[in-house]
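Take a look at the structure below.
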Amino acid sequence: MTFANLFNFFSELSLNFRHSYQGKVIVWILLIYCIIMAICILKLFLKHSSMLDYTTHGCKKDKRIEKEKEKTAKLPIGTWEKINTKLNSVNPNDWKIAVIEADKTLDESLKTAGIAGGTEGERLKNIVGADIGDNLNNVWNAHKIRNSIVHDSAFELANDVARKTVRILEDASKAVQ
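The following block contains the structure:
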């Protein structure tokens, strides 16, 4: 049997198969299978958008950095006014909340300034004294007061200490920005 005869044999077999009922069923099944696979691949790309980065850019974009940038956007105007309003309250719990929020605001400022570290304590260790003036020790003490508030439910905070702590944290936050 020559190559030409073999080719003709398979051509006739294929032609007969395509026009038969079984051939048409198999063609439709394969067509439906291809459509389902295309939908699955599309869903996979939508669910795992980083795959799109691999295919278009040849590498994966770091989503964590993008989220960090969104989080560390400029602080809304009036943040310190809200904190100082809590200090004017007669409720000692509001003073504690003011200190905690002031410390959190300083941490956001440190992140925005690009100070490296996973926690605020690590960022404070990585800060240069010139970044926040000569108040680095005072900032550490203010952060320790915040930690005492958070971790010790019996911690008593006087209003004058709360005001001084918030003022230190506010000055440091503004110096970093």
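Quick note on numbering: numbering that gives the first Met the number 0 labels position 79 of the sequence shown as 78, and the sequence is numbered without any gaps.
Just so you know, even glycine gets a beta-carbon here, dropped at the ideal spot from N, CA and C.
Remember, predicted model here, so these are calculated numbers, not experimental data.
Per the C-alpha coordinates, the member of L123, N7, S172, G22 positioned closest to E100 is S172. Relative to N137, the option among R166, K110, G117 whose CA is nearest is R166. Here K95 has I148, L156 as same chain residues with Cβ atoms under 6 Å from its own Cβ, once five neighbours each way along the sequence are excluded.
For V24, the number of other beta carbons within 10 angstroms of its own is below 16, and it is reported as exposed.
Look at V89 here: in three-state DSSP terms it is coil, with no helix or strand label.
In the displayed model, E155 falls within coil according to three-state DSSP, outside both helix and strand.
For T164, the closest C-alpha among the options C33, T111, L12, V98 is that of V98. Contact between R145 and L86 is absent: CB atoms are separated by about 14 Å, not below the 8 Å threshold. Looking at the backbone, the Cα of A3 and that of R17 are separated by about 21 Å.
In this structure, L168 is the residue among W79, K81, L168, S88 with its C-alpha nearest to the C-alpha of N140.
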